[in-house]
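Residue numbers (our numbering): 3 to 593.
Positions of the beta carbon are idealized from the N, C-alpha and C atoms, including for glycine.
If you're wondering where the values come from, they're calculated on a predicted model, not measured in any experiment.
Working notes, beginning with the structure itself.
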């Protein structure tokens, strides 16, 4: 058994987590994930200002635990190297010297493709080569370079862009000696890594049924007990808050995924084969994962600067909300024509509905197809107007001052939440693909390059293999005509997130009978009716009967991605909760 613990789910996570995981119980490997698409943009900005291009909070956490880890033989694996793994490794070595510790530090490079001709990278959907010179371009490496570093004697391994799961797969390869053809074991470790890479999201954090979670303020971080066959048990240290259940693990399994084939550089993990079992309090076993050979291409995270943006937010209160929103817009565009900007996005966000009463008191509803949608006819709402432009002056004070100038010549009750201000630069993330054989990971231990078997794994074209399992589990309640109109969240959990400009939305239930109904009821078409914001967008739908779950991928909901996104919920984190609040007809027998 190899005990792999997580102490960070993003750059900015709880600083005390490393100490909590090292001191809270026995572990063999301490890992942490500091990188996301947006993080690469942040680190690029830091580097341009002469600051480190790596996650400096990693060093703050390491200072508290490095001595203990050395004493106990705990290995440390982190992707905190970001855009400068060598610089981060050097900072770790300096820290060890300052603490009087003898520590061997390795770092992994080869992911940085920013110096390459962008035409060597291609769009994953169209296959067309990229034409824009990227600010950052980093291939997602796998776990084998990490395993090589550990096998060479590294106490600390720092990487740049690797897959989140590689932080677990690498130690698994190191401990158990998995070869490239051990697809099932590798896939099991990929699933284990996916579950714990977001920290407390596996132990009750951000959980749909949060009332089941005990002491969430002290939520413990997760760890996996990884076995030689790739199966694992997800758990947490005793005495910590939170919850590890089939539900919390299912929620994290559904986070930011696409089809049941979860592609990776070490193996393709078949999420439609995962089996979950509650073994005891705060212990969930994951087994049965089937793997396939990895695809011939590596995914690349590409970012580039795209211009400047500014958002002004107005508050609308009382009656005639839609009409007030139209008046507010007309007043703004009368001062600065919307056509002068590269892009304009308007979002009407309801905060509360008016009391029930005579509909005539609320005034006419927004016409069909109106940009404001079907926002509240009474109550309170936010009107968010966002402009994007290559000219920072136009997107800055020209726009924000025009909004302020309407304050005394607009709708009744007009006030704003945002003062006039300058525009801020934004960048765009997009995925790309490169042939795996063109990327050469390199491993250095204490500054010296080490040789390792980094030859190509057995690879197959993406999508080749058995068809996903999509058989539905029969529902015992489908013949019951008696239904109740209730929020979908009465019986279903959900978790959502972002992948560039797309949003993922996973929905699960707790019994086969409920899944039988859910699989027949929640089609892509019904999802668009329950969530008007996704109507008109391309929606992919996948069934995961083994998890009693569905997964939807909503293409284009987030525009060009996080930093360029104009929705209030720019990362679609709340999309699942919006769906759970939507009313639908559920058989009473299932309630």
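| query | result |
| --- | --- |
| contact_flag[the region 231–247, the region 286–303] where n(CB pairs < 8 Å) is 3 or more | yes |
| Residue 294, enclosing beta strand (DSSP E) - first and last residue | 292–294 |
| Contacts around residue 302, its chain only, beta-carbon distance under 8 Å, and the 5 residues preceding and following it disregarded | 115, 123, 139, 140, 141, 142, 433, 434, 435 and 436 |
| Segments of 4+ residues assigned as alpha helix (DSSP H) that fall wholly inside the region 128–207 | 146–153, 168–178 and 185–198 |
| Which listed residue (246, 391 and 580) has its alpha carbon closest to that of residue 309 | 391 |
| Residue 194 beta carbon near the ligand ATP (any heavy atom closer than 8 Å) | Among the components modelled here there is no ligand, and therefore nothing to report on the ligand ATP. |
| Under the three-state DSSP convention, the category residue 115 falls into | coil |
| Contact the region 437–452 vs the region 100–111: 3+ CB pairs below 8 Å | yes |
| Bridge-paired residues (DSSP) for residue 314 | 387 |
| Beta-bridge pairing of residue 333 - partner residues as DSSP gives them | Residue 333 is not bridged to any residue. |
| At least 3 beta-carbon pairs within less than 8 Å: the region 314–324 vs the region 408–419 | yes |
| Nonlocal neighbours in the same chain, by C-beta distance under 6 Å from residue 13, ignoring five residues either side | 36, 41 and 57 |
| Cα-Cα separation, residue 599 to residue 508 | Shown here, the chain extends from 3 to 593; a query on residue 599 therefore has no answer. |
| Best match in 335, 382, 454 and 353 for proximity to residue 403 [C-alpha to C-alpha] | 335 |
| Exposure label - residue 587; buried when at least 16 CB within 10 Å | exposed |
| Residue 226 and residue 197 closer than 9 Å at C-beta | yes |
| Straight-line gap, residue 352 to residue 382 (C-alpha atoms, nearest Å) | 6 Å |
| Proximity of residue 77 and residue 31 at Cβ, strictly below 9 Å | yes |
| Beta strand (DSSP E) segment containing residue 44, residue limits | Run containing residue 44: none in the beta strand (DSSP E); it sits in the alpha helix (DSSP H), 39–50. |
| Length of the line joining the Cα atoms of residue 172 and residue 498 | 27 Å |
| Short CB-CB distance (under 9 Å) between residue 62 and chain B | Absent here is chain B; the protein component of the structure consists of one chain. |
| Enclosing alpha helix (DSSP H) for residue 234 [first to last residue] | Counting along the chain, residue 234 falls outside any alpha helix (DSSP H), though it belongs to the beta strand (DSSP E) covering 234–238. |
| Sequence-distant residues of its chain with Cβ nearer than 7 Å to residue 10 (five each side left out) | 19, 34, 35, 36 and 201 |
| Given 8 Å, three or more beta-carbon pairs between the region 505–519 and the region 243–260 | yes |
| Three-pair Cβ contact test at 8 Å for the region 89–107 versus the region 168–187 | no |
| Ordered list of beta strand (DSSP E) runs contained in the region 383–457, each at least 3 residues | 426–437, 444–447 and 450–452 |
| Rounded distance between the beta-carbons of residue 330 and residue 388, thought under 8 Å | Not really, about 14 Å apart at Cβ, beyond 8 Å. |
| Helix, strand or coil at residue 96 [DSSP, three-state] | helix |
| Nearest-angstrom Cβ-Cβ length linking residue 563 and residue 502, presumed shorter than 8 Å | 5 Å |
| Residue 87 - DSSP class collapsed to helix/strand/coil | helix |
| Length of the line joining the Cα atoms of residue 85 and residue 515 | 48 Å |
| Spatially closest choice to residue 251 from 243, 265, 280 and 267, by CA coordinates | 280 |
| Neighbourhood of residue 557 by C-beta distance below 8 Å, restricted to the same chain and skipping five residues each side | 503, 504, 539, 540, 541 and 542 |
| Given residue 561 as reference, the closest of 21, 144, 213 and 500 once Cα atoms are compared | 500 |
| Identity of the residue in 566, 184, 304 and 3 nearest residue 146 by Cα | 184 |
| Bridge partner(s) assigned by DSSP for residue 500 | 505 |
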